[in-house]
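All residue numbers in the sequence shown are consecutive under our numbering, ending with 1087.
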Amino acid sequence: MRRLRRKRTSIVFQRVPGVNSRQGEPKTSFRVLLSFNSRSLYLTRLCFKMEETDREAVATAVQRVAGMLQRPDQLDKVEQYRRREGRKKASVEARLKAAIQSQLDGVRTGLSQLHTALHDVKDIQQSLVDVNKDWRQSINTIENLKDVKDAVVQHSQLAAAVENLKNIFSVPEIVQETQDLIEQGQLLQAHRKLMDLECSRDDLMYEQYRMDSKNTHDMNLIDSYFGDMQKLSEELAKQLWMDLASEDLEANEIVSLLTWVLNTYKSEEMMGNLELAPELEMNFLQPLLSQDVVNELLSTYMSTLTSNIIGWLRKALETDKKDWLKENEPEADQDGYYQTTLPAIVFQMFEQNLQVATQISEDLKIKVLHLCLQQMSSFLNRYKEEAHLYKEEHLRNRQYHPCYVQYMVAIINNCQTFKESIISLKKKYLPLMIEEMLISSHACIDAVLDDIAKEGCSSLLDEVFIDLEPHLSELMTKKWLSASNAVDTICVTVEDYFNDFARIKKPCKKKMTVECHRRVVMEYIKAIMLKRITFKNAEERKEGAERMNREAKQFRFLFKKLAAGSGEDTEGLCDVIEAIAEVFKLTDPSLLYLEISTLVSKHPDIREDHIAALLTMRGDASREMKQTIIETLDKGPSQPNPNYVPLFKEIVIPTLTVPKLLK
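Given below as structure tokens:
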């Protein structure tokens, strides 16, 4: 430790020279002493730290040895422990020496690179000094070469002029070649020649502008010399457009062509751009295609579109027909009404074609809409036929179509959707004035849709009455008079069907409820007219009349419930049953004329065979009484009520069951 301390002191004295290397001034004694004291203090602290480290190492070693020699038998292994610790010490010292050697090698390499960098910096500094010296000496020389520079510029201009002379003298020849290529139909080669002419013109104008930008005379001279080039460009463009128009184009290609020619070409994106306004007069801009060619393209487009729409509609109908045979119910809209995808598909197609037509012109848009309405009318006639065939096929085998009722409901709802979509389409794409001109076509479409919906409702009611047939045939029989629940079953069946019919949209459902009410009452009256039973006495007539009154109330209650919220009057139709019951209930035959005359006044479509059937069922009217009543009623024609719903005119009484009345 003393040796290290003396060595450190000598090193400190060696590092304190008498002259400051940076300032070149001798240090004062005070500064030398201060520097010596600070270094002595540093060495003292370092020695103290090393002594403290030695003490910690000894203490650690003592603890380690104490841990090894805790039992007497471990004293025999002292030599073994010493050798093991010696090996560990040697290993640690070897690793430490290797680490120190590696650090020293790195320091040595770094110092070497620093020396090399210093030499390079000095060389670069010297080179920069030499360059600066040479540059200052050459300034005068560059100024002396100005004449040479001007000569070079003039020579380059002459070289460019010689090169351009070739292009200038070849212009007439290239123009003629381009004209021949256009006439021969070799448009691609003609376009290449035209591009060469444009490049030559642009190069000449650039050189002229670079030399003398204010010389407009030479600029105009160059422009007039290349004047034939503009004519060739217009002729080439015309030929290109004619070739495009004469090709067998698809509908979408015709749309793209006409949209460009009629709209895009003169729009602000192209020739109508404001930046071109000072140099281009839009009123003098010739159309790309003549009006005859445009009309021919429009005619071709309309013909192709007609064919496409017919094909699309046919395919859509075939797809819808396949859905009718499915075992799954049709989808419902947001309000729960059954529907198929047919209206959406059809009007999406119409919408797309109208949007395309709008891009071309207003006139074409109106023509396309008129075409869509025409094809819609034809399509709906086919739709009507297919719905009728669907009904007939179902009636042949009612087990074949498991969801017949649901899909027939969807067909009825589709009619309402078609109506709404047509109105929406016309409002969106037609001005009010033109819309009024298409009222007739719209009325025709509405009539077909009404027929489809009406036939669909009738088909569903036929389905109801097929199931009601055995119960209707039980009316006005001995079983009915004694104890029958036929009317109860009829009411339950009708209500059950109308639970399914709740998925029908309101306009059609309202009409369907009224029609079902009318048919039920008519079938009830028909059962009376068929004379399935003849009352034998006043007791039976009273019992039958009371039963008829009860059943009339049942029908009235049922259809009032079904028509709830529709605003329909459901009271009047059942009155005829009660009026007939009064005829049967009457105990005095002499008053029959008054009751029957009241019945006839309220129901003017009742015929004499109907009256004869009523009197026959009553059972106590003689042949002479029947004839007298009928003859008397014939003398006083009644005034029909304009709101009257005919019931009797559709009831046909078989001639074999009605005795012929002699007048």
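In this text, a Cβ means the ideal position worked out from N, Cα and C, and glycines have one as well. None of the values given here were measured: they were computed from a predicted structure.
DSSP places F771 inside the alpha helix (DSSP H), whose first and last residues are L766 to I784.
Our two residues, E1032 and L1038, have alpha carbons roughly 10 Å apart in a direct line. Here D620 has I598 as same chain residues with Cβ atoms under 7 Å from its own Cβ, once five neighbours each way along the sequence are excluded. The beta carbon of I836 is closer than 7 Å to those of A877, G880, C881, I928 and C932 in its chain, skipping five residues each way along the sequence. When DSSP states are grouped into helix, strand and coil, Y762 belongs to the strand group. The C-beta separation of A834 from Q783 comes to about 35 Å, leaving the pair out of contact by the 8 Å criterion. In the DSSP secondary-structure assignment, A756 is bridged to Y762. When only Cα atoms are considered, Q830 and K850 end up about 30 Å apart. Per DSSP, I1030 is not a residue of any alpha helix (DSSP H), being assigned neither H nor E. For the pair A1045 and K1026, the CB atoms are not nearer than the 9 Å cut-off. The continuous alpha helix (DSSP H) containing M972 extends over residues A962 to L986. Cβ-Cβ separation between K902 and I957: approximately 6 Å, consistent with a contact (criterion under 8 Å). When V718, L538, V916 and F979 are compared, the shortest CA-CA separation from N687 is found for V718.
The DSSP-derived three-state label of M695 is coil. Counting only residues of its own chain and dropping the five nearest sequence neighbours on each side, A1005 has a CB closer than 6 Å to the CB of A969, M972 and N973.
Counting along the chain, R738 sits inside the alpha helix (DSSP H) bounded by residues Q715 to W748.
With respect to V685, Y725 sits apart: the two C-beta atoms are not nearer than 9 Å. If you draw a straight line from the Cα of D891 to the Cα of L722, it is about 57 Å long. Distance from the CA atom of M492 to the CA atom of T477, rounded to whole angstroms, is 23 Å.
Taking the Cα positions, L582 is about 34 Å away from D604. Only exposed fits I563, as fewer than 16 other CB atoms lie within 10 angstroms of its CB. Between the C-alpha atoms of Q610 and L656 there is a straight-line separation of about 13 Å. Within the model, the alpha-carbon separation for L793 versus M800 is close to 10 Å. CA-to-CA, the gap between E480 and R532 works out to about 34 Å. The region 802-811 makes contact with the region 868-875; the number of CB pairs closer than 8 Å reaches 3 or more. The DSSP-derived three-state label of C827 is coil. Residue N838 holds the alpha-carbon nearest to the alpha-carbon of D744 among N838, L788 and Y633.
For F922, the closest alpha carbon among the candidates S908, A988 and K977 is that of A988. Of the residues E898, A926, K791 and A768, the one whose Cα lies closest to the Cα of S848 is A768. Cβ neighbours of F774 within its own chain (closer than 6 Å, five residues either side excluded): C796. By the Cβ-count criterion, E1074 is exposed, with fewer than 16 other Cβ atoms from all chains shown falling within 10 Å of its own Cβ.
Contact check for E919 against L982 passes: the beta carbons are separated by less than 9 Å. Here the alpha carbons of L741 and I949 stand approximately 41 Å from one another. F979 places its beta carbon less than 9 Å from that of L997.
Note that the C-beta distance between F1072 and D1029 is below 9 Å.
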